[in-house]
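Chemist: Here it is, the structure, as structure tokens.
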Amino acid sequence: MYRSSQRGGESAYSERWEPSTGLDVAAREQLLATVDELRSVHPGLASVLVTQHLEELPSSTTHALLLRGGHITASGAATDVLTTTRVTEAFDYPIAIDYSDGRWAARASSRKR
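To convert, take the position in the sequence shown, counting from 1, and add 5; that gives the working numbering.
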């Protein structure tokens with residue numbers, strides 16, 4: 006789902022809910038490149054992307070919020086929030102987070118809890 010709001014004839018923010026669901030890897034990467042391009046062309050545009058898949062986050066992601074049971078467990082700068090410890094806490098399951106070239110990846114961790 007995609008939604009945007011306008012203020013004074015220009016978009017003030019855009020909102021996307023799991024925008025790459027159903028896309029193959031190439032299409033997902035093209036979508037994320039488009040989101041990053043949009044951010045560079047319209048730096049004042051706030052964008053909200055809701056996902057459970059960290060691989061869907063564009064490299065222009067600056068902030069993140071984690072929820073568990075409807076309650077916020079962490080919020081702030083994406084690099085501070087999207088960590089192995091915090092994501093593991095939010096999902097109550099050991100998740101290893103990798104951050105490389107401005108993109109995140111998540112996988113089950115072999116770490117015992």
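The C-beta atom is built at its ideal place from N, Cα and C for all residues, glycine as well. The model shown is predicted, which means the values in this text are computed figures rather than measured ones.
Determine the extent of the beta strand (DSSP E) in which L37 is found, giving its start and end residues.
Modeler: Taken as a continuous stretch (DSSP letters only), L37 belongs to no beta strand (DSSP E), being part of the alpha helix (DSSP H) at V30 to V46.
Chemist: Within the continuous beta strand (DSSP E) that includes D103, where are the two ends?
Modeler: Counting along the chain, the beta strand (DSSP E) containing D103 begins and ends at I100 to S105.
Chemist: Here's the rule: buried if 16 or more other CB atoms are within 10 angstroms of the residue's CB, otherwise exposed. What is T90?
Modeler: Per the 10 Å Cβ criterion, exposed.
Chemist: Put L62 into one of helix, strand or coil per three-state DSSP.
Modeler: Coil.
Chemist: According to the neighbour-count rule (16 or more other Cβ atoms, all chains shown, within 10 Å of its Cβ), is L72 buried or exposed?
Modeler: When all chains shown are included, L72 counts as exposed.
Chemist: Going by Cα to Cα distance, which pick from G75, H76, G74 and L62 is closest to L87?
Modeler: Selected option, being the one with the closest Cα: L62.
Chemist: Where does T78 sit, in a helix, a strand or coil, going by DSSP?
Modeler: Note: T78 maps to strand in three-state DSSP.
Chemist: From what residue to what residue does the beta strand (DSSP E) around L87 run?
Modeler: First-last for L87: undefined, no H or E at that position.
Chemist: For T67, collect the residues of the same chain with a Cβ closer than 8 Å to its Cβ; drop the 5 residues on either side in sequence, then sort them by chain order.
Modeler: Once the five neighbours on either side are set aside, the close Cβ partners of T67 are A82 and A83.
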